[in-house]
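Per our numbering, the very first residue in the sequence shown carries number 1058; after that it's consecutive. Idealized CB from N, CA, C, for every residue including glycine. Computed from a prediction, not measured in an experiment: that's the story for all the values here. Each remark here refers to the structure printed beneath this line.
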Amino acid sequence: MKFQKIAICLLVCCLSFTGQVWGALFAIPMTSDVSPEMAAGIVADYREAGDFHMSATTIFDYLISARPRSDYLYFLRLISLPLVAEEADAFETLCLDRSAEEYYSDVLRTSLSLAVFGNDDNSTRIEIIFLSPEELAVYKNAVDQKHKTGQPVANFLTPDLEGRLCGYAISRKVFLAGTRMSFSQFAKEKLYDK
1058 MKFQKIAICL
1068 LVCCLSFTGQ
1078 VWGALFAIPM
1088 TSDVSPEMAA
1098 GIVADYREAG
1108 DFHMSATTIF
1118 DYLISARPRS
1128 DYLYFLRLIS
1138 LPLVAEEADA
1148 FETLCLDRSA
1158 EEYYSDVLRT
1168 SLSLAVFGND
1178 DNSTRIEIIF
1188 LSPEELAVYK
1198 NAVDQKHKTG
1208 QPVANFLTPD
1218 LEGRLCGYAI
1228 SRKVFLAGTR
1238 MSFSQFAKEK
1248 LYDK
């Protein structure tokens, strides 16, 4: 009897593991031809299955694939923001695991910045900042100059684009997860000396 229980337990574990591996191997790549509806449907399926890591990965992959801004915004409306806590944790890890070169390439390809910020109260917020063509040119020039000289650009906006010269672009920011920050909090924490 014990042997049967152990065998059943092992079988269930193997099936569960096989399902996860199968899902990871045959996940649909988020190329630019994947529609917002299709990507949102995949996210919904992962959420329904309780696999928040894969739903966060799908969201992340969709956001770093080149497509029109309207597709990004429509996709974000379809997936219902903010992200749930487990998704936010996985999404934060995915963002922070990107190398500087990957991040730079993503920004130039997509014209958006995926940003993870730590707040003064030790909370985290995750946002997307859509860049104007002018900001993208400033960002590209500053990063290129940094790579050529090995030194940061003296008057460069911050690497995560939070403190850009154009100021707080609330109309081009999308809150994904974490603790929301009002403009007055932002001004207190980021614009003025503490």
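Close beta carbons around residue i, own chain, < 8 Å, minus the five adjacent residues each side
i: Leu1188; result: Val1164, Ser1168, Leu1169, Ser1170, Tyr1196, Leu1218 and Arg1229
i: Pro1139; result: Ala1145, Phe1232, Leu1233, Ala1234 and Gly1235
i: Leu1193; result: Val1164, Leu1165 and Ser1168
Neighbourhood of residue i by C-beta, 6 Å cutoff - its chain only, sequence neighbours within 5 removed
i: Asp1108; result: none
i: Tyr1131; result: Pro1093
i: Asn1212; result: Since pLDDT at Asn1212 reaches only 48, below the 50 mark, its modelled position is unreliable, and the value read off the structure follows with that caveat. Result list for Asn1212: empty, nothing under 6 Å.
According to DSSP, residues forming a beta bridge with residue i
i: Gly1207; result: BP columns for Gly1207 are empty, so no partner.
i: Ser1170; result: Ile1186
i: Lys1230; result: Ile1186
Limits of the alpha helix (DSSP H) - the one that residue i falls within
i: Ile1116; result: Phe1109 to Leu1120
i: Val1164; result: Ala1157 to Thr1167
i: Val1100; result: Pro1093 to Ala1106
i: Asp1154; result: Here Asp1154 belongs to no alpha helix (DSSP H), and DSSP marks it neither H nor E.
Pick from the options that is closest to residue i, judged by C-alpha positions
i: Ala1172; options: Leu1153, Asp1090 and Ala1113; result: Leu1153
i: Thr1174; options: Leu1130, Phe1148, Ser1162 and Tyr1161; result: Sequence inspection shows Phe at residue 1174; the Thr mentioned does not correspond to that position. Closest option to Phe1174, Cα to Cα, is Phe1148.
i: Ile1185; options: Ile1063, Leu1120 and Ala1097; result: Leu1120
i: Thr1114; options: Ser1156, Leu1133, Glu1158 and Val1100; result: Val1100
i: Glu1143; options: Tyr1161, Ser1162, Arg1155 and Met1111; result: Met1111
is_contact[residue i, chain B] using C-beta, thresh 8 Å
i: Ala1106; result: Here chain B cannot be found, since the structure has a single protein chain.
Residue range of the beta strand (DSSP E) that includes residue i
i: Ala1123; result: Taken as a continuous stretch (DSSP letters only), Ala1123 belongs to no beta strand (DSSP E), as it is neither H nor E.
i: Arg1182; result: Thr1181 to Phe1187
Alpha-carbon to alpha-carbon, residue j and residue i
i: Leu1151; j: Phe1117; result: 7 Å
i: Ala1097; j: Tyr1103; result: 10 Å
i: Pro1125; j: Lys1205; result: 31 Å
i: Phe1083; j: Val1141; result: Because the pLDDT of Phe1083 is 43, which lies under 50, any placement of that residue in the model is unreliable, and the number read from its coordinates should be weighed accordingly. Going from the Cα of Phe1083 to the Cα of Val1141 covers about 24 Å.
i: Tyr1129; j: Glu1159; result: 19 Å
i: Gly1207; j: Arg1134; result: 40 Å
i: Met1095; j: Lys1059; result: 45 Å
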